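Everything on this sheet refers to the single structure shown next.
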Amino acid sequence: MNVIEITPAELMERKNAGPINLIDVRTPVEFQEMHVSFANLIPLDTLTPKLVGEKFKGTDPVYVVCRSGSRGKKACEVLLASGHTNVFNIQGGTLACAQAGLPITHGKKVMSLERQVRIAAGFLVALGSLLGFFVDPRLGFISTFIGCGLMFAGVTDTCGMGMMLAKMPWNRVANNPSCSLPKT
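The sequence shown begins at 56 in our numbering and counts up one residue at a time.
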């Protein structure tokens with residue numbers, strides 16, 4: 056089954072017509088920094104068919120938003136696989152919602168997960184290259200491993216390094232607002 060996408064303007068029209076279930080599937084830190092005011096946080100790594108079944112009826116419309124649309128699409132696939140048929144991904148994610156003028160709640164500015172991945176990958180590639188050149192050529196494998204991981208992330212749109220970094224202490228939020236449904 057294909058994921059249906061709607062624009063932020065369509066989302067706002069539906070919100071104005073009555074209460075809706077909008078879930079934000081980003082990390083708690085990303086959510087804390089900026090989110091659509093009527094969104095509820097359920098991070099993608101916690102979105103399971105069991106949780107979905109507890110929170111939503113199979114026919115209730117569920118709207119999904121992330122930063123720019125990619126994780127939202129994955130979350131929609133999880134919802135569809137768990138039997139929900141009325142699932143919508145928001146095109147362009149939270150960034151597009153902000154540009155479209157939807158109500159946005161701003162919090163503490165944080166370093167994005169994407170930026171953290173670029174820093175960590177760059178550091179590991181540079182380290183592997185230097186160790187391979189100055190210590191032992193076999194240590195150049197570190198750079199090869201990271202390069203292959205980045206290619207895999209690009210092809211599959213799944214980033215293992217990003218998932219690991221999301222679990223680091225600096226990416227945690229005290230009083231995690233996770234799974235705070237319903238907010239309308």
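Every residue gets a Cβ at the ideal spot worked out from N, C-alpha and C, and that includes glycine. These figures come from a predicted structure and were not determined experimentally.
Supposed contact pair residue j and residue i - C-beta distance, whole angstroms, cut 8 Å
{"i": "Gly-11", "j": "Glu-88", "result": "Summary: the structure shown does not reach residue 11, with the chain confined to residues 56 through 239, and so no result is reported for it."}
{"i": "Ile-197", "j": "Pro-63", "result": "With a Cβ gap of about 42 Å, Ile-197 and Pro-63 do not count as contacting."}
{"i": "Asp-100", "j": "Val-91", "result": "Wrong, their Cβ atoms sit about 20 Å apart, outside the cutoff."}
{"i": "Thr-82", "j": "Leu-168", "result": "6 Å"}
{"i": "Gly-176", "j": "Leu-194", "result": "First, the amino acid is wrong: residue 176 is Ala here, not Gly. About 17 Å; that fails the 8 Å criterion."}
{"i": "Ser-263", "j": "Asp-191", "result": "The structure shown does not extend to residue 263, since the chain is modelled only from 56 to 239, so the question has no answer here."}
{"i": "Met-223", "j": "Leu-157", "result": "Not a contact, Cβ separation roughly 30 Å."}
{"i": "Phe-93", "j": "Lys-70", "result": "6 Å"}
Short Cβ contact (7 Å threshold) for residue i with residue j
{"i": "Cys-121", "j": "Gly-148", "result": "yes"}
{"i": "Cys-131", "j": "Val-58", "result": "yes"}
{"i": "Leu-150", "j": "Val-142", "result": "no"}
{"i": "Val-172", "j": "Met-219", "result": "no"}
{"i": "Tyr-257", "j": "Ile-159", "result": "Given that the chain is displayed from residue 56 to residue 239, the structure contains no residue 257 and the question cannot be resolved."}
{"i": "Val-84", "j": "Val-228", "result": "yes"}
{"i": "Phe-86", "j": "Leu-77", "result": "no"}
{"i": "Ala-208", "j": "Cys-214", "result": "yes"}
Secondary structure of residue i, DSSP reduced to three states
{"i": "Asp-191", "result": "coil"}
{"i": "Met-219", "result": "helix"}
{"i": "Ile-97", "result": "coil"}
{"i": "Asn-71", "result": "helix"}
{"i": "Pro-104", "result": "helix"}
{"i": "Val-119", "result": "strand"}
{"i": "Val-228", "result": "coil"}
{"i": "Val-80", "result": "coil"}
{"i": "Val-142", "result": "strand"}
{"i": "Ser-137", "result": "coil"}
{"i": "Thr-114", "result": "coil"}
{"i": "Gly-124", "result": "coil"}
{"i": "Ala-181", "result": "helix"}
{"i": "Gly-202", "result": "helix"}
{"i": "Ala-6", "result": "The structure shown does not extend to residue 6, since the chain is modelled only from 56 through 239, so no value can be given for it."}
{"i": "Cys-214", "result": "coil"}
{"i": "Ala-155", "result": "coil"}
{"i": "Lys-238", "result": "Here the model assigns Lys-238 a pLDDT of 44, short of 50, so the residue's position is not dependable, and the following value carries that caveat. Coil, per DSSP."}
For residue i: DSSP bridge partner residues
{"i": "Met-89", "result": "His-161"}
{"i": "Ile-61", "result": "Ile-145"}
Proximity test, residue i beta-carbon vs the ligand HEM heavy atom, cut-off 6 Å
{"i": "Glu-60", "result": "Among the components modelled here there is no ligand, and therefore nothing to report on the ligand HEM."}
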